[in-house]
Amino acid sequence: MVGDTVFIFYSAVQGDHTYNVLQHAQPGDADYEKFRQRATASIGVATIRRDGFVSLDAGDEQGVLVTRRFPWPGQRRLHINADLSGGSMVVEVVAPGGRVLARSPRVTGDQRGFAVGFDEHLRDSQRVAVQLRFRLTHAKFYAFWFE
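Structure below.
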């Protein structure tokens, strides 16, 4: 991984599964030459964003993702990895019973580690099990974490 990009190196060989032909054939034999002409090899590289193997996608209609309850992690900040190009996300911290304790401003753009800020102070939330509610439109949501 370099920065927020995962590099996946791979190799490929064009041909069928007749490798055993080469074990018995000699250069100049018809089978050997036929296989050698078809078998070409290459090396490639594919890249994806960090955590980019899977995304939760939302289109025109708003998508909502709600986490399980967990103890609020105190002073650590919530970070997101989401492609919000042409879309947006709002994050809510929800108390038991559904009351919204805090709401983030609308987040847009391609975010790879964005620290989400909240309008309200969440110090008292440390004593309560909360849920996060992510509201998404035109978005690809990859991951969230605290640090």
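When we follow this note's numbering, the leftmost residue of the sequence shown carries the number 2, and every step to the right adds one. Virtual Cβ for every residue (Gly too), placed ideally from N, Cα, C. Note that the coordinates shown come from a computational prediction; the quantities given were computed from them, not determined experimentally.
CA-to-CA distance, residue j to residue i, given in whole angstroms
| i | j | result |
| --- | --- | --- |
| residue 113 | residue 82 | 4 angstroms |
| residue 144 | residue 97 | 23 angstroms |
| residue 75 | residue 45 | 44 angstroms |
| residue 52 | residue 34 | 45 angstroms |
| residue 134 | residue 14 | 47 angstroms |
| residue 73 | residue 136 | 19 angstroms |
| residue 101 | residue 63 | 18 angstroms |
| residue 146 | residue 9 | 24 angstroms |
Where the beta strand (DSSP E) containing residue i begins and where it ends
| i | result |
| --- | --- |
| residue 89 | 79-95 |
| residue 112 | 108-116 |
| residue 12 | 6-15 |
| residue 50 | 41-50 |
| residue 101 | 101-104 |
Assigned secondary structure, residue i (DSSP; H/G/I helix, E/B strand, else coil)
| i | result |
| --- | --- |
| residue 70 | coil |
| residue 128 | helix |
Assumed close pair residue i, residue j - CB separation to whole angstroms, cut-off 8 angstroms
| i | j | result |
| --- | --- | --- |
| residue 115 | residue 103 | Going by Cβ atoms, the distance from residue 115 to residue 103 rounds to 16 angstroms, so no, they are not a contact pair. |
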